[in-house]
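S.K.: Below you'll find the structure I mean.
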Amino acid sequence: MSGDLRQPAHLTHPTDELSAAERRELIATMRPEDAAGVPELHEVGVPDELRELIEEAMGRYPQIRSASLPALWAVQRHYGWCSPQGIRQAAAVMGVTPAYLEALATFYDLYHTAPVGLHRVLVCHNISCWMNGGDELLRELCAAAGANPDEAGDHGASSADGEFFIQGFECLGACDLAPMASIDDRYYGPLDAADAVAAIEALRAGEQPVPEKALSRRPAAGGPEPDPDPRVAEAEASANPAGHGPRADGPTGDDSRGRGPHG
Amino acid sequence: MTREGEARMGETRLLFRHIDEPGLASIETYRRLGGYRALPRAVHDLESQELLEALEASGLRGRGGAGFSMGKKGSFLPRGEMEKYVCCNADESEPGAFKDRELMQKNPHQLIEGCAIAALAVGAAYVFIFIRGEYWEVADVLDRAVAEAYEAGYLGADVLDTGNRVELVVHRGAGAYICGEETGLLDSLEGKRGNPRLKPPFPAIQGLYGGPTLINNVETLSNVPHIVRNGAEWYKRFGTEQSPGTKVVSVSGCVRRPGNYEVELGVPSREIIFDLAGGPAKGRRVKAWFPGGSSAPVLTEAELDLPYSFEAMAEAGSMLGSGSIIIADDTVSIPKLALRTARFYHHESCGKCTPCREGTNWTAKMLERVTRGEATPMDLDIIASVQEKIIGHCLCVLGDSMAMPVGSMVSKFRAEFEEEIRAAASSASRPGAAGGGRPGELDHSGFDSPLTAEVEAV
Ligand SMILES: Cc1cc2nc3c(=O)[nH]c(=O)nc-3n(C[C@H](O)[C@H](O)[C@H](O)COP(=O)(O)O)c2cc1C
Ligand code: SF4
Ligand code: FES
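From first to last, the protein sequence lines are chains F and U.
Its first residue numbered 6, the first sequence is counted upward by one per residue in the working numbering.
Its first residue numbered 128, the second sequence is counted upward by one per residue in the working numbering.
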């Protein structure tokens with residue numbers, strides 16, 4: 006590729022899109038001493054709240070690097086995306102290179118390495134949702150929010166006003182709600198065209214979108230509790246012979262198998 | 128087969144017992160309904176060894192996909208003092224699966240109790256629940272429940288004043304199906320990209336941070352308190368000889384009442400699909416169904432009476448997998464279904480090994496050609512042969528997970544693929560349609576790749 010020779014290609018477009026020749030050229034210019042090292046804390050000015058979250062995560066694991074995903078979550082929650090600045094700050098707190106965290110941020114689908122709209126709407130386009138109108142739902146949400154549906158379906162797109170980010174996503178583990186969407190990390194479904202419009206309007210008004218379609222309100226599909234299976238009833242009865250409420254605390258309190266309690 | 132006299136119509140709720148009881152997610156209600164009575168028993172009544180024996184005797188098989196005996200896997204961990212770990216696989220990212228979500232959201236303490244018992248059984252001081260990042264609201268429920276369990280002394284430095292330490296950490300993933308693969312999960316938990324590892328060594332010997340690690344699915348671990356409380360013999364009264372217990376089955380797609388239903392293993396599949404989930408809409412028929420999530424080879428209408436068990440599904444050339452049934456009715460185009468399936472695996476392939484990285488990519492491209500009418504029936508042979516070359520040649524089974532269902536669709540519904548090619552081609556080659564794409568033309572959309580040539584040559 007010819008292009009503007011004064012500007013190296015990797016500075017003008019994403020490295021994923023470089024030609025083989027451009028790649029070779031880029032690699033030839035790389036020197037170990039140019040690699041960014043671990044940033045010093047005083048160089049990056051980490052906000053206290055962010056620093057606390059990351060340090061708390063580091064304390065939860067036997068090894069510090071396990072806190073990498075929690076650290077990136079903290080960055081994304083703080084800045085709205087995994088910004089280069091946020092990544093440098095997290096790297097400084099953790100004592101790793103920014104490249105280390107960048108390699109993770111680009112691997113995992115839920116991290117954004119570019120700024121995105123305020124409300125994140127992930128629309129499932131996998132098998133069960135597709136069979137139930139998931140593609141249409143994506144288009145309706147995009148129309149209501151003012152986002153480009155083709156881009157949204159591909160890699161996600163933000164609305165022109167910056168209020169929304171909409172992305173077609175793989176199975177979200179809620180095929181019982183098909184077609185469904187995750188809106189600001191909560192699940193809703195099944196959603197029809199009217200729900201799509203209502204959800205976007207509610208978000209604009211700062212309200213919870215379509216609360217009646219929230220996963221958290223959904224009862225088990227099998228309906229009200231059936232009579233227990235006789236074998237389950239038997240076990241429950243022998244665990245609780247006198248018909249009193251089961252003892253919750255005593256280590257020797259229940260003995261449904263007839264073994265003698267060991268003190 | 129389900130033992131005579133004990134098979135019941137409808138649901139058999141064991142893990143789902145009281146599932147919609149208000150407040151079940153709180154420790155108070157869980158205890159009122161008999162919860163946290165297995166953990167004291169595990170601590171006081173059983174030496175670690177016996178605990179594992181009971182789990183092995185129960186015949187409990189893993190509910191995450193492979194169906195391996197849980198007790199046996201636990202017994203592979205070396206004994207003695209060393210840093211060992213338990214990981215609960217709550218990544219649940221396979222299309223069609225959503226059972227772990229409901230189990231965790233509504234009854235988190237059942238899982239926590241199971242995790243704590245598993246940790247005692249293998250001598251691990253740390254449990255990590257790896258939950259997919261998309262389940263943020265469910266992870267919040269888990270976090271609250273874990274805090275309650277610490278407070279009550281079921282977790283922590285000194286579990287129930289016995290000197291046993293069990294720490295439990297809820298770890299949120301960030302969107303990658305491959306982290307459900309057990310070694311991908313371990314790498315991700317160590318703070319790396321979720322690339323699977325070469326096995327052996329198996330995680331039971333060398334897992335998290337290089338230490339012996341027991342990895343089990345949410346539903347597997349949720350069974351544990353029931354087995355410990357009521358005994359292996361009692362547990363084996365449910366299900367079939369080779370598949371004891373119940374199964375929470377996620378049913379979705381073209382059915383009237385999609386959702387999770389808990390049934391005894393071995394009930395006729397038709398009962399789950401029709402009696403419980405309501406079957407397809409009026410006037411529609413089941414055309415194809417995945418018995419075990421999108422990774423399972425599809426079955427047809429003629430196979431609806433198969434018992435729903437690990438062994439019956441394996442015999443039928445498919446698998447029970449995670450226990451998720453997806454129904455496609457007679458309005459669904461199988462080639463388009465195959466394309467959706469292939470695209471998913473292509474998107475999720477971690478790229479570490481060639482047959483999977485390239486095979487998923489080319490399968491998706493070839494299926495696109497089919498649906499655009501640019502393919503020939505011979506391309507179907509190429510698709511089939513690519514699937515054969517993927518199976519058994521990858522580092523983990525993600526590659527196979529695409530190759531098996533796609534291969535089964537092409538072989539069971541070949542006539543429909545050929546019809547799709549014809550129909551798409553005749554509409555695409557109408558005068559004025561750009562880039563006509565007649566059957567036989569191979570020079571479209573960058574498709575004349577070395578791979579095609581290579582596969583054709585074979
Ligand atoms: C690509 C891939 C994805 C997987 N995803 C999951 C998953 O989301 N949840 C799960 O429990 N097991 C999943 N598995 C299976 C795990 O590797 C492992 O077998 C399982 O967690 C073991 O637990 P079990 O014995 O209790 O079933 C996956 C396997 C593969 C190859
Ligand atoms: S089979 Fe696919 S997902 Fe698994 S290691 Fe290989 S490339 Fe990665
Ligand atoms: S297919 Fe949409 S949530 Fe599973």
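The beta-carbon is built from N, C-alpha and C at its ideal position, and this holds for glycine as well.
Residues around ligand 2, please: the ones whose beta-carbon is closer than 6 Å to some heavy atom of it, in chain order.
M.R.: Chain-ordered, the residues whose CB falls short of 6 Å from any heavy atom of ligand 2 come out as Ile305(U), Pro323(U), Ser476(U), Cys477(U), Gly478(U), Lys479(U), Cys480(U), Cys483(U), Arg484(U), Cys521(U), Leu522(U), Cys523(U), Leu525(U) and Gly526(U).
S.K.: Could you give the DSSP three-state label for aspartate 402(U): helix, strand or coil?
M.R.: helix
S.K.: Just to confirm, are lysine 211(U) and serine 377(U) a CB contact at a threshold of 7 Å?
M.R.: no
S.K.: Rounded to whole angstroms, what's the CA-CA distance from alanine 561(U) to arginine 499(U)? Just pull it up for me.
M.R.: Caution is warranted here: a pLDDT of 40 is assigned to alanine 561(U), below 50, making its placement in the model unreliable, and the coordinate value is therefore given only provisionally. If you take the alpha carbons of alanine 561(U) and arginine 499(U), they lie about 12 Å apart.
S.K.: Of all the residues that make up the segment 124–144 of chain F, which are near chain U by a beta-carbon distance shorter than 7 Å?
M.R.: Cβ contacts with chain U: Asn131, Ile132, Ser133, Trp135 and Met136.
S.K.: Report all residues from its chain with a CB closer than 6 Å to the CB of methionine 440(U); omit the five preceding and five following residues, and keep chain order.
M.R.: Pro418, Met446 and Leu447
S.K.: Beta-carbon separation of leucine 208(F) and histidine 124(F) under 7 Å?
M.R.: yes
S.K.: Could you pull out every residue in the same chain whose Cβ sits closer than 7 Å to the Cβ of threonine 379(U), ignoring the five residues on either side in sequence?
M.R.: The amino acid at residue 379(U) is misidentified as threonine; the sequence shows serine. Hits under 7 Å: Gly223, Pro385 and Ile453.
S.K.: Return helix, strand or coil for aspartate 456(U), following the three-state DSSP convention.
M.R.: When DSSP states are grouped into helix, strand and coil, aspartate 456(U) belongs to the strand group.
S.K.: Mapping the DSSP letters down to three states, classify alanine 276(U) as helix, strand or coil.
M.R.: helix
S.K.: Mark arginine 496(U) as exposed unless 16 or more other C-beta atoms lie within 10 angstroms of its C-beta, in which case mark it buried.
M.R.: buried
S.K.: Name the chain U residues whose beta carbon is nearer than 8 Å to that of phenylalanine 112(F)?
M.R.: Ala303, Arg320 and Gly321
S.K.: Quick check on tryptophan 86(F): does DSSP put it in helix, strand or coil?
M.R.: coil
S.K.: Residues of chain U with CB under 9 Å from arginine 70(F), in chain order?
M.R.: Glu317, Gly318 and Lys319
S.K.: Please name the residue, chosen from Phe170(F), Ala76(F) and Leu115(F), that lies closest to valine 101(F) on a Cα-to-Cα basis.
M.R.: Ala76(F)
S.K.: What does the alpha-carbon distance come out to for the pair isoleucine 132(F) and arginine 93(F)?
M.R.: 39 Å
S.K.: Between serine 422(U) and ligand 3, is there a pair consisting of the residue's CB and a ligand heavy atom that are separated by less than 6 Å?
M.R.: Flag unset: Cβ of serine 422(U) not near ligand 3.
S.K.: Identify which residue in Leu141(U), Ile239(U) and Ser370(U) has its Cα closest to the Cα of glycine 393(U).
M.R.: Ser370(U)
S.K.: Within 6 Å: the Cβ of isoleucine 342(U) and any heavy atom of ligand 4?
M.R.: By its list of ligands, the structure shown excludes ligand 4, since it contains just ligand 1, ligand 2 and ligand 3.
S.K.: Could you pull the DSSP bridge partners for serine 379(U) from this structure?
M.R.: Ile453(U)
S.K.: Exposed or buried, methionine 185(F), counting other C-beta atoms within 10 Å across all chains shown (16 or more means buried)?
M.R.: buried
S.K.: Alpha carbon to alpha carbon, how far is threonine 20(F) from leucine 525(U)?
M.R.: 27 Å
S.K.: Along the beta strand (DSSP E) that carries glutamine 232(U), what are the first and last residues, could you check?
M.R.: Looking at the DSSP string, glutamine 232(U) is not in any beta strand (DSSP E); the run it does join, the alpha helix (DSSP H), is 226–233.
S.K.: Just to confirm, are glutamate 389(U) and arginine 140(U) a CB contact at a threshold of 7 Å?
M.R.: By the CB criterion at 7 Å, glutamate 389(U) and arginine 140(U) fall inside the cutoff.
S.K.: Scan the segment 429–502 of chain U and note each continuous alpha helix (DSSP H) run of 4 residues or more that stays entirely inside, going in chain order.
M.R.: 437–442, 461–475 and 481–499
S.K.: Quick check: the Cα distance between valine 43(F) and aspartate 189(F), rounded to an integer number of angstroms?
M.R.: 33 Å
S.K.: In terms of residues, what are the limits of the alpha helix (DSSP H) holding histidine 353(U)?
M.R.: 345–357
S.K.: Put arginine 168(U) into one of helix, strand or coil per three-state DSSP.
M.R.: Correct three-state label for arginine 168(U): helix.
S.K.: Does any heavy atom of ligand 3 sit closer than 6 Å to the C-beta of cysteine 147(F)?
M.R.: no
S.K.: Per DSSP, valine 588(U) is paired with what?
M.R.: Since the first residue shown for chain U is 128 and the last is 585, residue 588(U) is missing from the structure and cannot be characterised.
S.K.: Tell me the DSSP secondary structure of cysteine 215(U) in three-state form.
M.R.: strand
S.K.: Which residues, in chain order, does the segment 232–248 of chain F contribute to contact with chain U at a C-beta distance below 9 Å?
M.R.: Pro233, Asp234, Pro235, Arg236, Val237, Glu239, Ala240, Glu241, Ser243, Ala244 and Asn245
S.K.: Is isoleucine 510(U) buried or exposed, if buried means 16 or more other CB atoms sit within 10 Å of its CB?
M.R.: Buried.
S.K.: Using a Cβ-Cβ distance cut-off of 7 Å, determine whether glycine 161(F) contacts chain U.
M.R.: no
S.K.: Could you pull the start and end residues of the beta strand (DSSP E) that phenylalanine 544(U) belongs to?
M.R.: No beta strand (DSSP E) holds phenylalanine 544(U); the alpha helix (DSSP H) holding it covers 541–555.
S.K.: If you run the structure through DSSP and keep just helix, strand and coil, what is glutamine 94(F)?
M.R.: Reduced to three states, the DSSP call for glutamine 94(F) is helix.
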